[in-house]
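Worksheet: the structure to be examined is printed underneath.
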Amino acid sequence: MKKIKNTFKYKILITIELMLIYFLMSGCKGQALDLYSGSYLGDPTIEDGGGSRGDGSAQIYTVTTIVEATNEIPSWTATDLPFTGPRRSLGVTATDSQWPFEFNYSYPANNYNLGDARLLLVTARDNSDTEGIFVDGVFTGRPPASFVSGVSSKITHRNYSCSGTCSGATAPTGTANTFFMDWALTHYKIGTQNTFDLNIASLLTSTPLAISDVISDGVFRVVTGDDAFVETTTASATKPLLILEGYTVSNAALTCTTSPVYKYKNTYIHNDGNSILQSAFSGTVLSPFNSSSSPYSTFRTVEFYYDPKLPKLSSYDGLNISKAEITLQIKRSGTGATAIVVNGIGIDQAGFDRSLATSAVESWSSTTATIDYWNSLVNAVPSTNTQTTVTLNLLSLFTESKLKEILLQGKLNIALAGPVATIYGQGQTSSRTYGVSVNGPEFILEGNYTAQLCQVPDDPNSPLNGGVIGPINCVADLSGPAISSINVSQITATSARIQWLTSEPASSLVGYGVSGPTTATPLNATSQTFHSVDLTGLSPYKYYQFNVQSSDGCTNQTTSNTNVFRTQR
85 MKKIKNTFKY KILITIELML IYFLMSGCKG QALDLYSGSY LGDPTIEDGG
135 GSRGDGSAQI YTVTTIVEAT NEIPSWTATD LPFTGPRRSL GVTATDSQWP
185 FEFNYSYPAN NYNLGDARLL LVTARDNSDT EGIFVDGVFT GRPPASFVSG
235 VSSKITHRNY SCSGTCSGAT APTGTANTFF MDWALTHYKI GTQNTFDLNI
285 ASLLTSTPLA ISDVISDGVF RVVTGDDAFV ETTTASATKP LLILEGYTVS
335 NAALTCTTSP VYKYKNTYIH NDGNSILQSA FSGTVLSPFN SSSSPYSTFR
385 TVEFYYDPKL PKLSSYDGLN ISKAEITLQI KRSGTGATAI VVNGIGIDQA
435 GFDRSLATSA VESWSSTTAT IDYWNSLVNA VPSTNTQTTV TLNLLSLFTE
485 SKLKEILLQG KLNIALAGPV ATIYGQGQTS SRTYGVSVNG PEFILEGNYT
535 AQLCQVPDDP NSPLNGGVIG PINCVADLSG PAISSINVSQ ITATSARIQW
585 LTSEPASSLV GYGVSGPTTA TPLNATSQTF HSVDLTGLSP YKYYQFNVQS
635 SDGCTNQTTS NTNVFRTQR
């Protein structure tokens, strides 16, 4: 166990060779590779020296916990509630009200490390500039001044921005946090029910609290206020959910069960431009908001993107997409060849000049069904510069499995080129940043999912609890610690979390970079057997190579093989 197994080295060499062959065959244009192990599309644990799971060696497992809202906090009186409006039950649509609910669950006593916590609730934004939310003592948002309780002892942090003058007992006590409002304003269509996926850490921003502070006691209470009603059904499908993603260590495969079926349904508004800071085509690039005001003459493109928030699960085998449609109002000028690019995949009509594409177009589809669908969609639009509403069905453009991979890249980038690069903006899809309207294409995404809910093994001596540190004998210890179970998780466009185990207490350091592990994180000299290092400041949609290093108390160092992960768009 003091050496990393040769079988893993062999797998890494073969993987690198296959990647090099791919780049040579593709002329190094783009990086249209399948997501590598360690991303959201694969098992986040890379078996590094531990063999297959269940062979008796310790492994880091990602575990998901889903908790349904249990009741409407019946123990709280009117003076306990954070808002002054009428108390409403879940599922009751109203204005100037408040909707309390809570989650009750068993938090693991040991052998568990919390990585992420999110609140999922079905609600809708109106076109007002006021909303508020209370989560386990923290009151944030931008509520009306008259709507804030000044007597509730349950509010421990007042980090809101008042709409009006708040003073005395209702005055904010910390930096304003409008995440709850901003998320809706920049993502979702107003007046439409959406599955809000709220990062609890973001709801706690500007307070000294960590997510473990509000989650680890096994009770989590939430109250939404003003017009943010909370939908529910007697079934589990649309109940408010608390989703926890954490880590445990086990020598054997975990015992897991399948969750109930949960639904998601969102109508997203677009963002202008693209999310990887590179246009799909050379030439003039316009936004959907102003492309219709400029008549089409020479070649140009229009680009926009969405932030589709899929449920964050350790495995996406249980994720189903039933609807994925973009509503476009197009003016088609002439009969020239057109093209569309979705997350680097191009679909074009015969005669289109592909030399105008940049390296952001990673590949061109040769699938007959895809090309036929694009042709039928374009040909149904009159070539007389007449405004026409069309529905782009992404499930017809791609298979469901391919679309799932595209959406899990974190952003949905769309580029239209040629005489259809005129998107007509009409009808308000959302109010953004306090009343600025957003017009143009909207994206409807619907489906359902299940998750594997696994038990956390009871192990007081788990490395996640600090492990058992024995005496050090540097005369006998002449080799470095064995590194195993390298794990990549919490991947975003600009960050990732690297975790691993060592056979003895050791330090932690990660080398990483696009062209190789050329940058090193600061050394964490604390001796431990469970290691977790966050990488920040990464670039969107890049393959990063990395290795991990650990040195024991006798300065014996081990460096792992080089592994790969890709950031989101």
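Count the sequence shown with the working numbering and you get residues 85 to 653, in order.
We treat Cβ as the ideally placed atom computed from N, Cα and C, and that holds for glycine.
Can you give me the Cβ contacts of residue i inside the same chain, cut-off strictly under 6 Å, excluding the 5 residues immediately before and after it?
i: D180; result: G169
i: T472; result: I414, V465
i: Y380; result: S417, P503, T506
i: C558; result: C638
i: S376; result: T506, Y508
i: S592; result: N608, H615, V617
i: E530; result: K349, S406, K407
Bridge partners of residue i, per DSSP?
i: G309; result: Q182, G216
i: I284; result: DSSP output for I284 lists no bridge partner at all.
i: R384; result: T368
i: W458; result: W458 pairs with nothing; no bridge assigned.
i: N631; result: G595
i: T475; result: T411
i: Y348; result: G531
i: L537; result: T148, T341
i: H615; result: W584
i: W448; result: G430
i: S247; result: P228
i: D356; result: F388
i: V333; result: I144
i: Q362; result: None, per the DSSP bridge assignment.
i: V222; result: V219, H241
i: T643; result: Q633
In whole angstroms, give me the CA-to-CA distance for residue i and residue j.
i: V219; j: R209; result: 19 Å
i: V235; j: E526; result: 42 Å
i: Y628; j: Y596; result: 7 Å
i: V232; j: D164; result: 12 Å
i: G551; j: T613; result: 7 Å
i: Y272; j: V206; result: 12 Å
i: T148; j: I327; result: 7 Å
i: K488; j: Q539; result: 27 Å
i: G111; j: P624; result: For G111, the pLDDT reaches just 33, beneath the cut-off of 50, and the residue's location in the model is therefore unreliable, leaving the point undetermined.
i: T291; j: A260; result: 10 Å
i: F313; j: T332; result: 36 Å
i: A153; j: G199; result: 21 Å
i: V522; j: A336; result: 52 Å
i: A255; j: R202; result: 28 Å
i: G252; j: V222; result: 18 Å
i: D127; j: V648; result: The predicted position of D127 is uncertain, since its pLDDT is 32 and thus under 50; no value can be drawn from it.
i: A453; j: D636; result: 57 Å
i: C250; j: L287; result: 21 Å
i: W448; j: I429; result: 6 Å
i: T610; j: P565; result: 14 Å
i: L394; j: V572; result: 19 Å
With a threshold of 8 Å on Cβ separation, who are the neighbours of residue i within its own chain once the five nearest residues in sequence on each side are excluded?
i: S363; result: V369, T385, E387, T442, A444, A499
i: T257; result: H241, R242, N243
i: S300; result: Y191, L198
i: C340; result: Q536, L537, C538, Q539
Suppose contacts are defined by Cβ-Cβ distances below 8 Å. Is residue i in contact with residue j by that definition?
i: R655; j: A178; result: The requested residue 655 is not part of the displayed model; the chain covers only 85 to 653.
i: I431; j: L481; result: yes
i: T422; j: A501; result: yes
i: K349; j: N278; result: yes
i: T317; j: P324; result: no
i: S546; j: N640; result: no
i: S371; j: D356; result: yes
i: K495; j: S359; result: yes
i: T646; j: F630; result: yes
i: V307; j: Q433; result: no
i: T351; j: T468; result: no
i: N195; j: D543; result: yes
i: V426; j: I528; result: no
Report back the beta-carbon spacing between residue i and residue j to the nearest angstrom; my notes put them in contact at under 8 Å.
i: I150; j: A535; result: 6 Å
i: L461; j: L479; result: No, L461 and L479 are not in contact; Cβ-Cβ is about 13 Å, not under 8 Å.
i: R653; j: A577; result: 6 Å
i: G309; j: P227; result: 6 Å
i: F383; j: G367; result: 5 Å
i: V303; j: N188; result: 6 Å
i: N197; j: L537; result: Going by Cβ atoms, the distance from N197 to L537 rounds to 17 Å, so no, they are not a contact pair.
i: D281; j: L204; result: 6 Å
Keeping to the same chain, check which residues put their C-beta closer than 7 Å to that of residue i; ignore five residues upstream and five downstream.
i: G685; result: The chain is shown only over 85 to 653; residue 685 falls outside these bounds and no answer can be derived.
i: T470; result: K415
i: F365; result: T385, L440, A441, T442, A499, A501
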